Structure formats: structure tokens, C-alpha cells
Amino acid sequence: MKKIVNYLCLTLPIVLIFSCTNLEIEATDSLISDGFAGVANIEGEVANISNIVAGGDLANSGGLFGLNEVSSDEYLVATRGTDWGDNGRWLSMHQHTWNAELSDIINAWQQLNSITINATRVINDKSVSTASGEVSQLKAEARFYRAWSMTWILDMWRQVPLRDVDLPNSAIPEVLTGQAAIDYIVDDLNAAIADLPAVTAGDAIGLKSSPSKAAARHLLARVYLNKHVYLGEEPATTDMQAVISAVDEISADGYSLAASGDFFDIFRPSNDVETIWWSPSDAGEKIWPTLHYNQNSPGNDGGGWNGFATLSEFYQSFEGDPDTNYVGDGQEERRGWVPDATTANADNLGIGYGFLIGQQYEQDGTPLTSRADVGSVPLVFTKEVEKAEYSAPADNAVLETAGTRMLKYHPNEEGGDRRRHVVKYRFADAYLMKAEAMFRMGDDPTTMINTLRNIRGAEDLSSVGETELLAERGRELYQELARRQDLIRFGQFLRAWNLKNEGDSHLQIFPIPTSDVLANPNLVQNPGY
Numbered sequence: 001m002k003k004i005v006n007y008l009c010l011t012l013p014i015v016l017i018f019s020c021t022n023l024e025i026e027a028t029d030s031l032i033s034d035g036f037a038g039v040a041n042i043e044g045e046v047a048n049i050s051n052i053v054a055g056g057d058l059a060n061s062g063g064l065f066g067l068n069e070v071s072s073d074e075y076l077v078a079t080r081g082t083d084w085g086d087n088g089r090w091l092s093m094h095q096h097t098w099n100a101e102l103s104d105i106i107n108a109w110q111q112l113n114s115i116t117i118n119a120t121r122v123i124n125d126k127s128v129s130t131a132s133g134e135v136s137q138l139k140a141e142a143r144f145y146r147a148w149s150m151t152w153i154l155d156m157w158r159q160v161p162l163r164d165v166d167l168p169n170s171a172i173p174e175v176l177t178g179q180a181a182i183d184y185i186v187d188d189l190n191a192a193i194a195d196l197p198a199v200t201a202g203d204a205i206g207l208k209s210s211p212s213k214a215a216a217r218h219l220l221a222r223v224y225l226n227k228h229v230y231l232g233e234e235p236a237t238t239d240m241q242a243v244i245s246a247v248d249e250i251s252a253d254g255y256s257l258a259a260s261g262d263f264f265d266i267f268r269p270s271n272d273v274e275t276i277w278w279s280p281s282d283a284g285e286k287i288w289p290t291l292h293y294n295q296n297s298p299g300n301d302g303g304g305w306n307g308f309a310t311l312s313e314f315y316q317s318f319e320g321d322p323d324t325n326y327v328g329d330g331q332e333e334r335r336g337w338v339p340d341a342t343t344a345n346a347d348n349l350g351i352g353y354g355f356l357i358g359q360q361y362e363q364d365g366t367p368l369t370s371r372a373d374v375g376s377v378p379l380v381f382t383k384e385v386e387k388a389e390y391s392a393p394a395d396n397a398v399l400e401t402a403g404t405r406m407l408k409y410h411p412n413e414e415g416g417d418r419r420r421h422v423v424k425y426r427f428a429d430a431y432l433m434k435a436e437a438m439f440r441m442g443d444d445p446t447t448m449i450n451t452l453r454n455i456r457g458a459e460d461l462s463s464v465g466e467t468e469l470l471a472e473r474g475r476e477l478y479q480e481l482a483r484r485q486d487l488i489r490f491g492q493f494l495r496a497w498n499l500k501n502e503g504d505s506h507l508q509i510f511p512i513p514t515s516d517v518l519a520n521p522n523l524v525q526n527p528g529y
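Per UniProt numbering, the very first residue in the sequence shown carries number 1; after that it's consecutive.
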């Protein structure tokens with residue numbers, strides 16, 4: 001496959017540097033006499049943590065995204081000819097056949113844990129120096145980042161390592177699980193909320209790239225919404241009320257649902273009423289993995305990477321004729337549209353929004369074809385990928401064009417196709433969390449859901465239960481790192497779907513990398529691995 005490159009260079013902090021030529025330890029060495037002495041520049045360290053969040057396997061097409069999206073009913077990455085084989089990593093995520101040696105699991109685990117330790121160093125009382133910025137706010141940002149990373153670790157592995165930086169480096173980190181981990185995360189978020197700035201919906205978009213009170217409350221709502229899953233219990237009324245209260249406070253900061261016609265504007269690098277927190281991640285990682293090699297833009301002369309496709313059942317959960325998605329086909333707004341020969345132009349590059357199906361076009365209206373080495377067949381994206389991988393030369397043309405493509409970030413937007421703006425939290429997610437919390441408390445969320453559907457150009461539902469809530473979250477939040485978590489919470493993650501068999505319950509969490517289990521006896525490999 002074409003090499004997926006993350007253009008954000010990250011410099012991970014090096015806590016201890018040992019000379020290779022002078023191994024003698026001086027009696028005055030602070031490592032021995034004083035231990036951890038505090039972070040020298042808090043502002044720089046918090047900026048470094050933000051960079052870790054925005055890059056590597058926490059922001060590219062694999063890692064955190066792959067484990068939570070490709071593992072769901074949203075995505076299938078078929079092996080197209082010789083592309084996207086990658087030693088079976090993509091199919092293992094889709095088919096739930098991963099093991100502890102999967103690079104995406106190892107890298108995501110390591111990078112999330114690096115945020116935890118780096119944030120802990122910032123939060124420590126000995127860290128008092130900064131180049132600029134208010135120390136209390138910077139430490140609050142570090143608490144948010146630590147809570148963010150620990151929540152993902154809890155969600156994906158159920159065991160959260162935590163190192164006390166005041167102890168010797170040889171000390172084995174403790175491991176938090178269950179209620180203890182949840183309490184730690186909630187305490188961090190409540191402490192962060194006290195010192196984070198109140199960024200409202202109307203404030204400049206640049207302010208929303210850093211943690212705010214609203215972002216911390218959004219994460220707090222997520223923790224409480226999923227708490228019963230982490231504890232293996234039924235949802236508690238007090239937890240659901242905590243979700244509602246957090247969302248109401250976000251609403252009080254002016255955040256609301258984007259107006260009809262503005263859905264795809266949310267993912268542009270400009271201000272809107274929905275974006276709560278965005279990260280300066282490479283938007284190209286959300287664009288080029290799905291587009292065909294011959295779908296070009298001025299900023300990506302090599303075309304798309306032709307990997308990611310959605311499943312037919314997911315695509316068909318949206319309103320509209322499933323066989324066509326051109327302009328004016330009666331589809332709801334969130335399903336997007338595909339330009340045809342009459343609507344393709346230099347502005348849209350012949351590339352649509354949402355779900356790309358059927359014949360694809362160049363920006364001048366010329367019908368596109370596949371590559372010459374597979375016969376230059378018409379570039380017609382089908383509803384479904386019928387085969388998971390290449391097995392014979394005759395498969396090439398079929399696999400190259402198979403599958404509906406899914407696109408929220410368009411390549412021809414301000415800042416270009418590799419712009420650094422990816423939405424992490426937005427109000428529609430908070431809104432739907434509140435609706436779900438109401439449902440789990442015994443209230444009827446139908447009016448709330450229909451309000452959202454009306455704005456998005458979909459018809460009213462007569463009633464809303466678990467099936468409708470899960471489907472609505474899927475229609476609203478595809479490609480936004482929510483689907484695996486949602487499927488687990490609604491008991492649907494283990495079911496069979498296209499090119500994936502029904503799975504065992506242990507697959508709802510991932511294996512801990514073997515090297516970490518061996519290095520830390522407080523970690524116990526998760527069941528089934």
C-alpha cells in the first residue's frame with residue numbers, strides 16, 4: 001500500500017539521559033540525591049503532550065482510530081491486490097482476530113501511557129517553572145490530557161498503569177482498575193474544570209484546540225455514560241444524571257446543534273456552534289485512506305490510498321435510495337452526496353461528501369476509471385466489499401473498486417488536504433449522550449432524537465429505543481472514534497457482520513502488549529489472550 005506518513009514530527013520527552021561514555025555516578029547527581037525535581041518548563045511539556053495527542057498512532061489511520069473504527073461495523077479495509085495487506089493487520093482489526101503482538105495495539109498502548117506519565121510529571125507539586133502561561137491553567141490542561149489517556153486505556157484494556165514520579169524509576173507502577181480507575185479520572189476532570197478556561201461556542205476557533213471546561217465536561221459525560229460497562233453493572237441513575245448535568249453545562253456555554261445544511265461545515269477549519277475541542281492532527285489521515293488512486297487533489301498528486309470502505313448495512317441505515325447518492329437523490333444531509341458529470345467542478349474536485357457510491361468523476365465531469373493495470377474499468381464504487389482479500393489476478397479489478405467510501409473531511413478546504421484540524425468533541429455527541437442517559441433513566445428521548453433528525457433532513461421516528469439510539473449515534477458520529485464504544489455499550493460489538501463472524505466476549509477489550517505484562521507484575525494479561 002502507499003505509505004501512510006504522519007507529517008507531525010513528535011519529540012517525546014526524555015526523562016533521564018545517560019552518557020554512553022561516562023557511567024560514573026557523581027555523589028551530587030540529583031537523580032540519586034533528590035529524585036524527581038519537577039518539570040523545567042511546564043508550558044513546553046504541556047505543548048509536547050498536545051503533540052502526542054495530535055500525532056503518531058493516536059491520530060493516524062491505524063492505532064487508536066483503527067482499533068475503534070475498523071473493528072466496528074463502520075469500516076472494512078480489504079486487501080486490494082497487493083495493497084493494504086500489511087501482514088494482515090487491517091483484516092485482524094475488522095475480523096477481531098488480533099493478538100498482543102498487533103502493532104496498532106502496542107503503539108496505541110505505549111503512546112497513551114506516555115501521555116499519562118508526562119502529564120503526571122507536570123501535575124506534580126515540584127513542577128513550578130514555565131516559560132509563559134498560567135501554571136494553574138497549564139496543570140489543569142495536563143489533568144485533562146491525563147484523564148483523556150487514562151479513559152482510553154480503561155476503555156480498551158481495563159487496566160491503567162500509574163507511576164508515582166516521586167518514587168525511584170525502578171519502582172513498579174501500580175495498576176488501577178474498575179471503580180478506582182474511574183474515581184481517579186473523575187477527580188482529575190473535576191480538578192481540571194476548576195482551572196480550565198470557559199471557552200464558549202462563540203469564541204475563536206483557535207481557543208478550542210486546547211482543553212476547556214466544556215471539553216472536560218464532555219469527557220466526564222463519556223466516563224459516566226460508559227461507567228456501568230467498565231464495572232460490569234447496570235446503569236445507575238446517579239451516573240446518568242451526571243451525564244445530563246455535564247451536557248447541560250456544555251449547553252450553557254452556548255454550544256448547540258449546527259443548523260440545517262451546515263453538517264459538513266463542522267469539519268472545516270472554521271468556527272461553528274458544535275466544535276468543543278479539536279486537535280491539530282493531519283486531516284489527510286481522514287481523507288486519503290478511503291479515496292481511490294485516481295481521485296486527486298492539488299495537494300496530493302499521488303491520489304488516494306484506496307483502502308477504507310464502509311459496510312453496506314451501515315450505509316443503508318441512512319435515509320435515501322441506497323443505489324444512488326448523487327445531488328438531489330432525496331438523501332438525508334448526513335449521508336452527503338456525490339458529484340456527477342453536471343455537478344463536478346473545481347470547487348469539489350469531483351469528490352463528494354459523506355458516502356461515495358456509484359460512478360466517480362473528475363472535476364471537469366469526465367467519468368473516472370480504475371488504474372490501467374486492472375483494465376481501466378469504470379470507477380464505480382459498489383455498496384459492499386464482497387471479498388476480504390486478493391486471491392487471484394481476476395480479483396484485482398473488483399477489489400480496486402469495491403465498497404462505498406466514507407468521507408467527512410473534504411480535500412479542498414481552507415488549509416488544504418493535509419490541514420491540521422480534526423474535531424475531537426462536538427455538541428451532537430453530547431446531545432446524544434444526554435438522550436441516551438434519559439432513556440436509561442426511563443424517560444422517552446424520542447422528541448430529542450427527532451429534533452436532531454429534523455435538522456439533518458431525516459424523517460421523524462415514531463418511537464426511540466436502544467436500536468434507534470445506537471443507529472442515530474452511528475448516523476451522526478461516523479468516523480469520530482465512537483462506534484466501537486457505542487456497539488459495546490449497546491451489546492452489539494460481538495455480532496456478525498460482513499466478512500466477520502460472531503465473536504467471544506473477551507474481544508470487547510484488547511490484550512495488553514506482552515512486553516508490558518512481563519515488565520510489570522501488577523499487570524495481568526486480559527482473559528482470552
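Backbone N, C-alpha and C define an ideal beta-carbon position, used for all residues, glycine too. Keep in mind it's a predicted model, so treat the numbers as computed, not measured.
Taking a contact as a CB-CB distance under 8 Å, the pair Q159 and I455 does not count as one, their CB atoms being some 41 Å apart. The closest CA to that of T275, considering only V122, D195, T200, G320, is found on T200. Residue pairing of G358 in beta bridges, as defined by DSSP: F381.
Counting only the Cα atoms, R89 lies some 28 Å from I351. For S245, the uninterrupted alpha helix (DSSP H) segment begins and ends at 237 to 252.
Of N501, V398, D301, Y390, the smallest CA-CA separation from S376 is found for V398. For E174, the enclosing beta strand (DSSP E) has its first and last residue at 174 to 176. Per the C-alpha coordinates, the member of H96, L379, P197, F144 positioned closest to L189 is F144. Between the stretch 60 to 75 and the stretch 296 to 303 there are fewer than three C-beta pairs closer than 8 Å, too few to call the two in contact. For the pair A142 and L219, the CB atoms are not nearer than the 8 Å cut-off. DSSP links N300 through a beta bridge to S297. Y425 is bridged by DSSP to W277. Linking L225 to R473 through their CA atoms gives a straight-line distance of about 14 Å. Look at D323 here: in three-state DSSP terms it is coil, with no helix or strand label. Assignment of W497 by DSSP, reduced to helix, strand and coil, places it in the strand class. CA-CA distance, N271 to A482, rounds to 22 Å. Cβ atoms of N294 and L368 come within 8 Å of each other, at about 5 Å. Counting only the Cα atoms, N99 lies some 28 Å from L470.
Residue ranges of uninterrupted beta strand (DSSP E) with 3 or more members, entirely inside the UniProt domain "SusD-like N-terminal" (84 to 225) and ordered along the chain, are 160 to 162, 174 to 176. W277 and I250 have their C-alpha atoms spaced approximately 12 Å apart. When secondary structure is reduced to three states using DSSP, M441 falls in the coil class, being assigned neither helix nor strand. For a cut-off of 8 Å, the C-beta gap from S370 to T401 is around 6 Å, short enough to register as a contact. Of the candidates A430, S463, F381, T366, A430 places its Cα closest to the Cα of V273.
H506 and A221 have their C-alpha atoms some 26 Å from each other. Taking the CA atoms as reference points, A191 sits about 18 Å from I115. At the C-beta level, F314 and P289 stay beyond 8 Å of one another. Residue state for R405 is assigned as strand, using DSSP reduced to three classes.
Nearest in C-alpha terms to E468, of all of M406, S317, K387, is S317. Rounded to whole angstroms, the gap between the alpha carbons of R489 and D253 is 28 Å. Under the three-pair Cβ rule at 8 Å, the stretch 36 to 50 counts as touching the stretch 123 to 135. Beyond the five residues adjoining it in sequence on each side, E45 comes within less than 6 Å, by CB distance, of V39, V122 in the same chain, given in chain order. In terms of Cβ geometry, N498 and L311 form a close pair [threshold 8 Å].
Here E384 has L311, S312, A402, G403, T404, N498 as same chain residues with Cβ atoms under 8 Å from its own Cβ, once five neighbours each way along the sequence are excluded.
At the C-beta level, N118 and I49 come within 8 Å of one another. By the criterion of a C-beta distance shorter than 7 Å, L231 is surrounded in its chain by G178, Q179, once the five residues flanking it on both sides are discounted.
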